[in-house]
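Just so you know, we're using this note's numbering here: the sequence shown kicks off at 728 and counts up by one. By construction, the Cβ of each residue, glycine as well, lies at the ideal position given by its N, Cα and C atoms. To start, the structure under review is shown below, and the notes come after it.
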Amino acid sequence: MIKEHSIVIAGGGSTFTPEIILMLLDNLDKFPIRQIKLYDNDAHRQKIVADACEIIIREQAPHISFTATDSPEIGFSDIDFVMAHIRVGKYEMREKDEKIPLKYNVIGQETCGPGGISYGLRSITGVIEIIDYMEKYSPNAWMLNYSNPASIVAEATRKLRPNSRILNICDHPIGLENRMAKMADLESRKDLIVRYYGLNHFGWYTSVTDKEGNDLMPQIRSYIAENGFNLNAIGKESRNADPSWIHTYDMAKFVYELDPQTIPNTYLKYYLFPNKEVDIADSNHTRANEVMEGREKTVFEECIAITNNGTAKETTLKIGAHATYIVDLARALSYNTKERMLIMVENNGAISNFEPSAMVEIPCLVGSNGPEPLSIGEIPTFQKGLMENQVAVEKLAVEAYVEGSKQKLFQALSLSKTIPGADVAKELLEDLYEANKEYWPVLQ
Ligand code: NAD
Ligand code: G6P
Ligand code: MN
728 MIKEHSIVIA
738 GGGSTFTPEI
748 ILMLLDNLDK
758 FPIRQIKLYD
768 NDAHRQKIVA
778 DACEIIIREQ
788 APHISFTATD
798 SPEIGFSDID
808 FVMAHIRVGK
818 YEMREKDEKI
828 PLKYNVIGQE
838 TCGPGGISYG
848 LRSITGVIEI
858 IDYMEKYSPN
868 AWMLNYSNPA
878 SIVAEATRKL
888 RPNSRILNIC
898 DHPIGLENRM
908 AKMADLESRK
918 DLIVRYYGLN
928 HFGWYTSVTD
938 KEGNDLMPQI
948 RSYIAENGFN
958 LNAIGKESRN
968 ADPSWIHTYD
978 MAKFVYELDP
988 QTIPNTYLKY
998 YLFPNKEVDI
1008 ADSNHTRANE
1018 VMEGREKTVF
1028 EECIAITNNG
1038 TAKETTLKIG
1048 AHATYIVDLA
1058 RALSYNTKER
1068 MLIMVENNGA
1078 ISNFEPSAMV
1088 EIPCLVGSNG
1098 PEPLSIGEIP
1108 TFQKGLMENQ
1118 VAVEKLAVEA
1128 YVEGSKQKLF
1138 QALSLSKTIP
1148 GADVAKELLE
1158 DLYEANKEYW
1168 PVLQ
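Structure representation (structure tokens):
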């Protein structure tokens, strides 16, 4: 008999929860579910989403039992998978992470540079708390974590909970691969086989072929050299992307110039073109504002409409199609499919000339014992240099958290390629520390 799974979504009040529920419901034939729970430490925010999700589930799959709770015991008992997407400090703090650095002409970004470090020191506490709930109430469960900033969170979980069944993952390569498939006239990323290595939001594709092994790199590279990751040139822009994302996809053509043999992750623009990013930023209106006025508003209004109408039949909420990798990952763990997926894992020799204890994002074969990393071999000096710098920043940030060391956080910020000097790092440190009083550990 095929196993029916029980899932808790941690961060149930997330803007991404409805599209993930719709995606799970769309894949019940591949991944049967008997129970879905939402868990959030903000019961009020979660209720808006949960009331709508309850209606969606009742209409599409009434056999699935549904609960929304802020009780860890109720949320994490009898669970096979924890799907975690929490945002400690919510958008209010994201806005500060983005706006404080801009005061110093430094990039303000959710996961990169000082904003990412600031968010990292908040997230560690929340993610560790969720691992501990899972281990207490459902010790055999797996946690699929996409709470950001994933690289700092991954390093913290490696260090603080080395034996936990947590996999840190990112959806960004999925989106980029869907785009590359379209550039190569293929339907979806599932038609591609890729080789990629790096850190989270910090990596490069070294090979893209079709299922028969035909090299697609020349076609994709020449497209990216002209258009970055923007699909407008072939009329295949899949999502109505916000202007900030269009800009990011466009910037990829400049990042690409640094190593035309590979295809870069778009997030590298923050490290390679920080000044350009600061120049175009509006310090009064950052991505956090764009999301609050866009995705958050739309999703919450739509959830309220579903609840008021008592039905989701007419809803405009969309399935999170590219989030299907979460189902693939859960299936791989549950059914031992050995699917090849990008996961953040301890390097441990996979990149042979790189720090063994670094958390790297590389292809792994995922089965019921977790991910088996594929061997990458030696990487070139350019990538190695960038990655060594960034890994040191992330490790210092986690050490600062664990040891309560302000000195180490000063070092982390000073080392970040996004910050021009230690004097700026010092001022930023004080400003961010003050803003995060409620969330960071005490630093001395
Ligand atoms: P959101 O603010 O809408 O939702 C986050 C939810 O987490 C909120 O309801 C909040 O109350 C809850 N929360 C905060 N701290 C918590 C805690 N300690 N325990 C339980 N719940 C807690 O945020 P969002 O924009 O929907 O994003 C959610 C998360 O997913 C973010 O971390 C975001 O960066 C991440 N994300 C990651 C990827 C990826 O590629 N890894 C992709 C998309 C989103
Ligand atoms: C991509 C990244 C995520 C990040 C998200 C930001 O999907 O992989 O890690 O959280 O973009 O999106 P947003 O719309 O919130 O700026
Ligand atoms: Mn990501």
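Notebook entry, point to check: Roughly how many angstroms separate the alpha carbons of residue 863 and residue 799, rounded to a whole number?
Noted result: Going by the C-alpha atoms only, they are around 10 angstroms apart.
Notebook entry, point to check: Using a Cβ-Cβ cut-off of 7 angstroms (strictly less than) and excluding sequence neighbours within five positions of residue 1163, which residues of its own chain qualify?
Noted result: 845, 848 and 849
Margin query: Output needed for residue 794: all residues of its chain with C-beta closer than 7 angstroms, excluding positions within five of it in sequence on either side, in chain order.
Written below: 764 and 801
Note to self: Can you find the residues in the same chain that come closer than 7 angstroms, C-beta to C-beta, to residue 1013, ignoring five residues on each side of it along the sequence?
What the structure shows: 822, 825, 826 and 835
Next item on the list: List the whole-angstrom C-beta distance separating residue 1160 from residue 883, where the pair is believed to meet the contact cut-off of C-beta under 8 angstroms.
Entry: Going by Cβ atoms, the distance from residue 1160 to residue 883 rounds to 18 angstroms, so no, they are not a contact pair.
Next item on the list: Consider the Cβ of residue 855: report whether some Cβ of chain B lies at a distance smaller than 8 angstroms.
Entry: Reference to chain B is not applicable here, since this structure consists of a single protein chain.
Margin query: Considering only the alpha carbon of each residue, which of 950, 928 and 732 lies closest to residue 869?
Written below: 732
Notebook entry, point to check: Contact check, residue 1059 vs residue 786 under 8 angstroms by CB: the rounded distance?
Noted result: Rounded, the Cβ-Cβ distance is 29 angstroms, inconsistent with contact.
Checklist line | Straight-line gap, residue 1017 to residue 804 (C-alpha atoms, nearest Å) | finding: So the alpha carbons of these two residues sit roughly 37 angstroms apart.
Item checked: Contact set for residue 752: own chain, Cβ-Cβ below 6 angstroms, skip 5 residues either direction -> 787 and 788
Note to self: What I want to know is whether the C-beta of residue 838 ends up closer than 7 angstroms to one or more non-hydrogen atoms of the ligand SAH.
What the structure shows: The ligand SAH is absent from the structure shown, which contains only the ligand NAD, the ligand G6P and the ligand MN.
Next item on the list: Compute the minimum distance between the beta carbon of residue 741 and the heavy atoms of the ligand NAD, and state whether it is under 7 angstroms.
Entry: yes
Margin query: Per DSSP, what are the beta-bridge partners of residue 919 in this structure?
Written below: Beta-bridge pairing links residue 919 to 937.
Notebook entry, point to check: Is residue 1045 helix, strand or coil by DSSP?
Noted result: coil
Margin query: Using a Cβ-based criterion (distance less than 7 angstroms to any ligand heavy atom), does residue 898 qualify as near the ligand G6P?
Written below: yes
Margin query: the ligand G6P and residue 1120: does any heavy atom of the ligand fall closer than 7 angstroms to the residue's C-beta?
Written below: No - the ligand G6P has no heavy atom lying nearer than 7 angstroms to the Cβ of residue 1120.
Margin query: Here's the rule: buried if 16 or more other CB atoms are within 10 angstroms of the residue's CB, otherwise exposed. What is residue 1075?
Written below: Residue environment: residue 1075 is assigned as exposed (fewer than 16 neighbouring CB atoms within 10 Å of its CB, all protein chains considered).
Note to self: Mapping the DSSP letters down to three states, classify residue 792 as helix, strand or coil.
What the structure shows: In this structure, DSSP gives residue 792 an extended state, which the three-state scheme calls strand.
Next item on the list: With a cut-off of 8 angstroms on the beta carbons, I'd call residue 853 and residue 813 a contact; round off their distance for me.
Entry: Sure, about 5 angstroms apart at Cβ, within 8 angstroms.
Next item on the list: Give the DSSP-derived three-state secondary structure of residue 1030 in the structure shown.
Entry: helix
Notebook entry, point to check: What is the DSSP secondary structure of residue 1088, reduced to helix, strand or coil?
Noted result: It is a strand residue.
Next item on the list: Identify which residue in 1140, 899, 1146 and 1169 has its Cα closest to the Cα of residue 1130.
Entry: 1169
Item checked: residue 733 - partner residues in DSSP beta bridges -> 762
Notebook entry, point to check: In terms of residue numbering, what span does the beta strand (DSSP E) encompassing residue 1151 cover?
Noted result: No beta strand (DSSP E) holds residue 1151; the alpha helix (DSSP H) holding it covers 1149-1162.
Item checked: Residue burial classification, residue 1083 (beta-carbon count within 10 angstroms, cutoff 16) -> exposed
Margin query: Measuring alpha carbon to alpha carbon, tell me which residue in 995, 1138 and 1104 is nearest residue 982.
Written below: 995
Item checked: Own chain residues within Cβ distance below 7 angstroms of residue 885, not counting five before or after -> 1073 and 1086
Note to self: Ignoring anything shorter than 3 residues, give me the beta strand (DSSP E) runs that lie fully in the stretch 839-913, in order along the chain.
What the structure shows: 869-872 and 893-895
Notebook entry, point to check: Terminal residues of the continuous alpha helix (DSSP H) containing residue 1001?
Noted result: 1001-1007
Item checked: Residues bridged to residue 1068 [DSSP beta-bridge criterion] -> 1091
Next item on the list: Output the distance between the C-alpha atoms of residue 1143 and residue 1123, rounded to the nearest integer angstrom.
Entry: The alpha-carbon atoms of residue 1143 and residue 1123 are separated by roughly 10 angstroms.
Notebook entry, point to check: Skipping 5 residues on each side, what residues in its chain have a beta carbon closer than 8 angstroms to that of residue 880?
Noted result: 847, 850, 851, 854, 872, 874 and 895
Notebook entry, point to check: What does a CB cutoff of less than 7 angstroms around residue 1004 pick up in its chain, not counting 5 residues either side in sequence?
Noted result: 834, 996 and 997
Next item on the list: Please report how far the alpha carbon of residue 1212 lies from the alpha carbon of residue 831, in whole angstroms.
Entry: With the chain represented from 728 up to 1171, any question about residue 1212 goes unanswered, as that position is not in the structure.
Margin query: Do residue 747 and residue 1030 count as a contact pair if the criterion is CB distance below 8 angstroms?
Written below: no
Margin query: the ligand G6P and residue 1022: does the residue's C-beta get closer than 7 angstroms to at least one heavy atom of that ligand?
Written below: Look at residue 1022: its beta carbon is less than 7 angstroms from one of the heavy atoms in the ligand G6P.
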